[in-house]
Amino acid sequence: MHYWEPEIEARPRADLEKLQAQRLQATVAQAAKSPYYSRLLKERNLTPAHFRSPADIARLPFTTKDDLRASFPYGFMAVPVKETVRLHCSSGTTGNPTVIFHNRHDLQSWANLVARSMFAAGARPDDVFQNICGYGLFTGGLGFQYGAECLGCLTIPAGAGNSRRQIKLMQDFGTSVIHAIPSYLPRLREEFAELGLVPEKDTKLRIILTGAEPHSEETRQRLQELFKCKAFNSYGLSEMNGPGVAFECEQQSGLHLWEDCFLMEIINPQTLEPVPPGEIGELVLTTLDREAMPILRYRTRDLTRLLPGDCPCGRTHRRIDRITGRSDDMFIIKGCNVFPVQIEKVLMRVPQVGSDWLIILDTVNGTDEIIVQVEVQADGFKGDLQLLEALRRKITHEVRDEILVTPVVQLVEPGSLPRSEGKAKRVDERRKGRGA
Ligand code: ADP
Ligand code: ZN
Numbered sequence: 087m088h089y090w091e092p093e094i095e096a097r098p099r100a101d102l103e104k105l106q107a108q109r110l111q112a113t114v115a116q117a118a119k120s121p122y123y124s125r126l127l128k129e130r131n132l133t134p135a136h137f138r139s140p141a142d143i144a145r146l147p148f149t150t151k152d153d154l155r156a157s158f159p160y161g162f163m164a165v166p167v168k169e170t171v172r173l174h175c176s177s178g179t180t181g182n183p184t185v186i187f188h189n190r191h192d193l194q195s196w197a198n199l200v201a202r203s204m205f206a207a208g209a210r211p212d213d214v215f216q217n218i219c220g221y222g223l224f225t226g227g228l229g230f231q232y233g234a235e236c237l238g239c240l241t242i243p244a245g246a247g248n249s250r251r252q253i254k255l256m257q258d259f260g261t262s263v264i265h266a267i268p269s270y271l272p273r274l275r276e277e278f279a280e281l282g283l284v285p286e287k288d289t290k291l292r293i294i295l296t297g298a299e300p301h302s303e304e305t306r307q308r309l310q311e312l313f314k315c316k317a318f319n320s321y322g323l324s325e326m327n328g329p330g331v332a333f334e335c336e337q338q339s340g341l342h343l344w345e346d347c348f349l350m351e352i353i354n355p356q357t358l359e360p361v362p363p364g365e366i367g368e369l370v371l372t373t374l375d376r377e378a379m380p381i382l383r384y385r386t387r388d389l390t391r392l393l394p395g396d397c398p399c400g401r402t403h404r405r406i407d408r409i410t411g412r413s414d415d416m417f418i419i420k421g422c423n424v425f426p427v428q429i430e431k432v433l434m435r436v437p438q439v440g441s442d443w444l445i446i447l448d449t450v451n452g453t454d455e456i457i458v459q460v461e462v463q464a465d466g467f468k469g470d471l472q473l474l475e476a477l478r479r480k481i482t483h484e485v486r487d488e489i490l491v492t493p494v495v496q497l498v499e500p501g502s503l504p505r506s507e508g509k510a511k512r513v514d515e516r517r518k519g520r521g522a
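Numbering (this note's numbering), first residue to last: 87 to 522.
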């Protein structure tokens with residue numbers, strides 16, 4: 087058995103699109119029960135009958151995070167409160183959080199998607215799964231908890247932080263699969279080193295699932311090297327449940343977006359027109375299997391592209407490339423557009439670079455500067471000053487080649503940069519009149 091749900095995952099495209107069309111119509115009918123969409127559909131004289139094929143989605147305007155915020159808390163709710171059973175909020179990385187409500191059906195559908203995703207990455211019911219991330223309103227906690235239980239794994243709700251305890255749990259219960267955000271994993275590995283342990287000998291770890299933050303292929307390579315096992319990219323957002331929207335299969339070549347449950351578009355964020363297939367644009371998603379709070383044409387602000395061709399795994403759901411970042415992650419320095427992940431990519435290629443790094447944008451003597459603070463590996467810092475200077479120069483040149491601006495690189499001691507328990511904050515905007 088290669089799939090969790092063969093009849094859905096390997097369904098011929100034409101049948102999959104038929105299912106999407108049916109579900110789109112049902113979703114629009116359901117959305118019409120919410121105050122927000124009922125008004126919107128009336129204003130445009132649209133009824134569910136206007137939605138006969140996936141392409142008909144273009145009749146609708148986009149929904150943005152601001153729309154969700156403006157209708158906080160119940161404007162998008164399509165069922166009475168008494169029929170809902172849980173709410174989640176987004177992490178609030180970019181402002182006020184948004185709230186999403188679920189009924190029983192929604193939670194079952196979500197858990198199934200996470201189980202399907204974990205299975206695609208190679209997890210099986212006999213795995214012991216440790217979920218190393220914040221529980222509570224953040225969807226990575228309960229989302230993976232119920233998904234892994236649905237798959238049938240013994241599931242350890244370990245929560246975030248406390249690396250020593252994480253390692254003890256891994257050893258005590260024979261953890262073979264973990265989920266954690268990418269910025270935390272190098273720190274977990276540091277703790278192994280401090281205890282004189284190595285994951286490949288002292289644990290049964292075989293699969294890492296990681297997501298919630300943009301990270302480059304270079305970071306994946308580094309994580310695989312650090313833990314001597316495979317790492318898979320997990321994509322999701324609270325507005326579309328959370329984890330389980332798109333996931334890498336064992337091929338590790340792009341993330342299958344589960345098209346039976348989400349209708350995908352990729353648009354040019356300026357013109358709002360679809361980009362030609364294969365070009366980078368903003369991912370726009372419509373829920374196709376949600377009852378309590380359907381969302382139509384949601385602008386995720388996440389940038390990606392459609393990958394061409396079929397995946398050797400045989401799944402027919404199309405693949406997206408790893409997320410480059412959010413459109414609002416981009417900063418402009420000396421006239422150049424830069425995404426933090428470009429700098430991360432360069433740093434992760436340098437073996438002496440340690441667990442953390444921080445970009446500071448500042449005005450120095452009237453000009454904008456980009457300062458990149460980089461933690462060095464513990465043994466690297468014992469090295470002589472000349473070696474450190476050579477390393478600093480090498481990083482400066484490589485970052486410059488990537489972003490076309492010369493940064494001020496500062497090497498700092500391991501563990502000296504601020505660490506957060508949730509998503510890492512990689513950019514510190516100190517320029518006058520910008521940032522928060
Ligand atoms: P917030 O939007 O406040 O961060 P969420 O917890 O809902 O709240 O986070 C979802 C966002 O996290 C996505 O829109 C995306 O920007 C980011 N994200 C999630 N998974 C990945 C991933 N695998 N790669 C890159 N970014 C990701
Ligand atoms: Zn595949």
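Virtual Cβ for every residue (Gly too), placed ideally from N, Cα, C.
Nothing here was measured: the structure is a model prediction, and the numbers come from that model.
So, is residue 258 buried or exposed, given that buried needs 16 or more other C-beta atoms within 10 angstroms?
exposed
Alpha-carbon spacing of residue 120 relative to residue 145, whole angstroms
18 Å
Go through its chain and collect everything with a Cβ distance to residue 166's Cβ below 7 Å, but skip five positions before and after it.
none
Rounded straight-line distance, which links the Cα of residue 236 to that of residue 163:
26 Å
Let's test the definition: count the other Cβ atoms within 10 Å of the Cβ of residue 195 and tell me whether it reaches 16, buried, or not, exposed.
buried
Quickly, what does DSSP pair residue 321 with across the bridge? List them, please.
332
For residue 98, collect the residues of the same chain with a Cβ closer than 8 Å to its Cβ; drop the 5 residues on either side in sequence, then sort them by chain order.
402
Can you give me the Cβ contacts of residue 392 inside the same chain, cut-off strictly under 7 Å, excluding the 5 residues immediately before and after it?
352, 363, 364, 404 and 406
What does DSSP give as the partner residues of residue 462 in its beta bridges?
439
Quick check on residue 405: does DSSP put it in helix, strand or coil?
strand
Please tell me whether, using a cut-off of 7 Å, the distance from the CB of residue 401 to the nearest non-hydrogen atom of ligand 2 is below it.
yes
How long is the line joining the alpha carbons of residue 226 and residue 138, rounded to whole angstroms?
34 Å
Consider the Cβ of residue 518: report whether some Cβ of chain B lies at a distance smaller than 8 Å.
Annotation note: the requested chain B is absent from the structure, which comprises a single protein chain.
Reduced DSSP secondary structure (H/G/I, E/B, other) of residue 272:
helix
Between which two residues does the beta strand (DSSP E) carrying residue 422 extend?
422 to 424
Looking only at C-alpha atoms, which of 126, 141 and 117 sits nearest to residue 104?
141
Examine the Cβ distances between the region 194 to 210 and the region 319 to 331 and report whether three or more of them are shorter than 8 Å.
yes
Residue 431 versus residue 488 - alpha carbon distance:
9 Å
Just tell me which of 183, 458 and 116 has its CA closest to the CA of residue 492.
458
Looking only at DSSP bridge pairs, what is residue 384 linked to?
149 and 371
CA-to-CA distance, residue 368 to residue 96, given in whole angstroms:
26 Å
For the beta strand (DSSP E) containing residue 266, list its first residue and its last residue.
263 to 266
So, using beta-carbon positions, are residue 505 and residue 442 closer together than 8 Å?
yes
Exposed unless 16 or more other CB atoms sit within 10 angstroms - verdict on residue 465:
exposed
Kindly confirm or deny that the region 408 to 423 and the region 280 to 294 touch, where touching means at least three C-beta pairs closer than 8 Å.
no
In the DSSP assignment, find the alpha helix (DSSP H) that holds residue 515 and state where it starts and stops.
No alpha helix (DSSP H) holds residue 515; the beta strand (DSSP E) holding it covers 513 to 515.
Assign residue 130 to one of three DSSP states: helix, strand, or coil.
coil
Quick one: using the 10 Å Cβ neighbour count with 16 as the cut-off for buried, is residue 123 buried or exposed?
buried
Is residue 88 near ligand 2, in the sense that its beta carbon is under 7 Å from a heavy atom of that ligand?
no
How is residue 313 classed by DSSP in three states: helix, strand or coil?
helix
Evaluate residue 244 with the Cβ neighbour count: other Cβ atoms within 10 Å of its Cβ, from every protein chain shown; 16 or more gives buried, anything less gives exposed.
buried
Does ligand 1 have even one heavy atom less than 7 Å from the beta-carbon of residue 412?
yes
Go ahead and pull the three-state DSSP assignment for residue 470.
coil
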